[in-house]
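A.B. asks:
Chains as they are written, first to last, in the numbering used here: chain G, 94 to 506; chain W, 1051 to 1448.
1. So is residue 1169 of chain W in contact with chain G if we call contact Cβ pairs under 8 Å?
2. Could you check if residue 282 of chain G is buried or exposed, using at least 16 other CB atoms within 10 Å of its CB as the buried criterion?
3. Spatial neighbours of residue 346 of chain G within its chain, please: CB distance less than 7 Å, with the 5 preceding and 5 following residues excluded, ordered by chain position.
4. May I ask you to check if the CB of residue 238 of chain G is nearer than 7 Å to at least one heavy atom of the ligand MN?
5. For residue 481 of chain G, does the three-state DSSP call read helix, strand or coil?
6. Using a Cβ-Cβ cut-off of 8 Å (strictly less than) and excluding sequence neighbours within five positions of residue 524 of chain G, which residues of its own chain qualify?
7. What residue range is occupied by the uninterrupted beta strand (DSSP E) comprising residue 1185 of chain W?
8. Are the CB atoms of residue 295 of chain G and residue 174 of chain G within a distance shorter than 8 Å?
9. So, is residue 252 of chain G buried or exposed, given that buried needs 16 or more other C-beta atoms within 10 angstroms?
10. At 3 residues or longer, and completely inside the stretch 1302 to 1326 of chain W: list those beta strand (DSSP E) runs for me, N to C.
11. At a CB-CB cut-off below 9 Å, which residues of chain W make contact with residue 423 of chain G?
12. Determine the chain G residues that contact residue 1487 of chain W at a beta-carbon separation under 8 Å, and present them in chain order.
13. On the three-state DSSP scale, how would you describe residue 449 of chain G?
14. Is the shortest distance between the beta-carbon of residue 1412 of chain W and the beta-carbons of chain G less than 8 Å?
15. Can you find a C-beta in chain W that's less than 8 Å from the C-beta of residue 306 of chain G?
16. Taking the C-alpha atoms as reference points, what is the distance between residue 1128 of chain W and residue 1277 of chain W?
17. Helix, strand or coil for residue 1268 of chain W per DSSP?
18. Considering only DSSP beta bridges, list what residue 402 of chain G is partnered with.
19. Would residue 1415 of chain W pass as an interface residue toward chain G - the criterion being a Cβ-Cβ separation below 8 Å?
20. Please classify residue 254 of chain G as buried or exposed, where buried requires at least 16 neighbouring CB atoms within 10 angstroms.
21. On the three-state DSSP scale, how would you describe residue 1409 of chain W?
22. Among W/1322, W/1444, W/1248, W/1403, whose alpha-carbon lies nearest the alpha-carbon of residue 1451 of chain W?
23. Run through chain W and tell me which residues come within less than 8 Å of residue 494 of chain G, C-beta to C-beta.
24. Between the stretch 262 to 271 of chain G and the stretch 183 to 203 of chain G, do at least 3 Cβ pairs fall closer than 8 Å?
25. Mapping the DSSP letters down to three states, classify residue 1177 of chain W as helix, strand or coil.
26. Is residue 1401 of chain W close to chain G, meaning its C-beta is less than 8 Å from at least one C-beta of that chain?
27. Closest Cβ-Cβ distance between residue 105 of chain G and chain W: below 8 Å?
28. With a threshold of 8 Å between beta carbons, is residue 468 of chain G in contact with chain W?
29. Look at the Cβ atom of residue 366 of chain G, then the Cβ atom of residue 326 of chain G, and state whether they are nearer than 8 Å.
30. Under 9 Å between beta-carbons, which chain W residues line up against residue 115 of chain G? List them in chain order, please.
31. I want to verify the contact list: residues of chain G whose CB lies under 8 Å from the CB of residue 1419 of chain W, in sequence order.
32. State buried or exposed for residue 237 of chain G, treating a residue as buried only when at least 16 other CB atoms are found within 10 Å of its CB.
33. Following the continuous beta strand (DSSP E) through residue 1339 of chain W, name the residue where it begins and the one where it ends.
34. Just tell me which of W/1188, W/1397, W/1051, W/1259 has its CA closest to the CA of residue 1081 of chain W.
35. Looking at chain W, is there any beta carbon in it that lies within less than 8 Å of the beta carbon of residue 323 of chain G?
36. So which of W/1163, W/1172, W/1200 has the shortest CA-CA distance to residue 1148 of chain W?
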């Protein structure tokens, strides 16, 4: 059987921190974030990726009646669109207007709240859902947690919030030989009453979903495009759209879920690698060969609970690094100290009811801040270094700790 | 191998590096004949040294002495009138000529596979020995004249260095930083230069030491500088940083350990910054005192203006001390768990010091993670790189 193809692209930009100094702490209304750098990076990625890729996608959905894609746009990305890229926002709105593009829900601040504060987690998802409704005129029904952080409880919480689908990593160790293209569901169980109550009180969607489907990322096929496309030492190089389609068809199951960062197009893989031409040629080939590219909701529409395998995840997984766990954001002393300190301020920050202060606190919850503090492979020049705007994990912590101290100073003047 | 100081007379620098490399090579079964400019006793290798006449000459001028006291030459060059510089330069040339003559002669009957020489004063000897034996020449650069003089080189020395690099089949630089200096300022092709970072003699700190440091909160945290008091080492920058820190945290204690011709100037400067009660100048320190200082320090700062490597950084790390390094150093290339700042950015340097002193989890992580570099950069590992370079050279020329 030919699988469906489900394309979902992650779009996110954090607010990177400025070179803060101790001497500024407590000096009044200081800006923590590097406006110049954030704007520069946003515009660079907009020109190289967002704008040309959106133009191409619009062309493709208009040319091929059955071609569909989906996006998850973080709230802080949408905020930066308003500040630095109204043109980018408009291009996403044009895509939305075709009615062939699905937008997923996520935490507004691209945070790690799911593993720390349920109340904040609910708030951020609600805020995100409402923002998507406002900007794109549609209500997200499928949820993707920050960096595909996932476990059984996160799936249950998403169901109780009202989502009928959730995205997760198809981790080999968890699949145990099963095909990630198959349909999966989480084990069902009740959450403690007080946690259910928190979710009820802050539910982003009107009512809980009866069932929730889990769509697993086919990481092999996804990474063929996202990471290996321009790798000359790779046996599959150069990747041809026909060959890739063969692989997709051979992968079997219900749907081949290709999930990746949107920056793959034009930013991680530069235009001169041929990545745009590759993308452009896929829908035609798929149409010829009778393969449909659908949205996550369409995948789920063909889903029956009884057909689904159980995806039983006790220890939290994610799509990050080789480990596929939380060790990109937690685990070393500085990451743990920073995470602990920022969430410890939650109650106090919220009690101030000062919107500016609360907003600053929330921007500091973005997972990237902790990712930049990761020391796992720093010395090997790994992806953490590639993605970091700072010199080192310690520089990331220096700036972050200054922001934290200033926040504390504002709370206790 | 034409080297200096065996066993080393001074902490840090060339002597230590030569000893480490020789021991590492011996470990891998490489036979080393070491040629030194003066007598010394050692059990682990074949050592030859020139005659007493040369020795005497070297000592009389107190110039052809190794790296650590090299500044005395520099200092004397600065204090003598221009006319006399020629005289001294002439004498220095002569001393080297004698050293070269004798050391080449006494190694005539050897059958080396490679000739390896360390820093400029041995380069001519190396060049001639390699020509005589018709074997490849490796010149090892531990510090260039540009590093020592803040880019105001003695032309004679600079030329000697350049000629040495050009004559070599391979140049070993102690860091990418130094490699870049050779490429940019000596016009040496990058392909010819292999970077072999210095190794460390020290073992990583014991867990108990790290724990005791973690448990200890001091009323007067200590920030340490250790190095010769010369422009190159950045003691002035250290004082500027100290002055910034002092304004926010007057209880912080600073120590400048080491001696050099700038001592008086630095003392004056520290007073003008109002640091007189917050700073201690130790003068010359013994190796035991150095250990004590490293262990007691809460933060070690190496603000060098130009530092080919910076072994002191590894020594501080071995004593469980967080380090802040000048970006203009080789050590910053190999140490991951540290702060790196431009030597001139003393405000940021101060901010890093203050952050390390304020944030316990940060200090603990720097103390406990940084020593992994010591496991990686052992002299055995580094000598293995040198050995494979020898193998490539002798294979190619065979």
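Yeah, the Cβ is synthetic: ideal placement off N, Cα and C, and Gly gets one too. Given the structure is predicted, the values throughout are model-derived calculations rather than measurements.
C.D. replies: According to the structure shown:
1. no
2. exposed
3. 96, 272, 274, 275
4. As far as ligands go, the structure on display features none, and thus does not contain the ligand MN.
5. coil
6. Missing from the structure shown is residue 524 of chain G; chain G here goes from 94 to 506 and no further.
7. Per DSSP, residue 1185 of chain W belongs to no beta strand (DSSP E) and is neither H nor E.
8. no
9. buried
10. 1303 to 1307
11. Within 9 Å Cβ-Cβ: nothing; residue 423 of chain G doesn't reach chain W, min ~13 Å.
12. Any property of residue 1487 of chain W remains undetermined from this structure, which presents chain W solely from 1051 to 1448.
13. helix
14. yes
15. no
16. Note on residue 1128 of chain W: pLDDT 46, under 50, position unreliable in the model; no value is reported.
17. coil
18. G/277
19. yes
20. buried
21. coil
22. With chain W covering only 1051 through 1448, there is no way to say anything about residue 1451 of chain W.
23. 1405, 1408, 1409, 1412
24. no
25. helix
26. yes
27. no
28. yes
29. no
30. 1298, 1400, 1401, 1404, 1405, 1408
31. 425, 468
32. buried
33. No beta strand (DSSP E) contains residue 1339 of chain W, which is instead part of the alpha helix (DSSP H) from 1337 to 1346.
34. W/1051
35. no
36. W/1172
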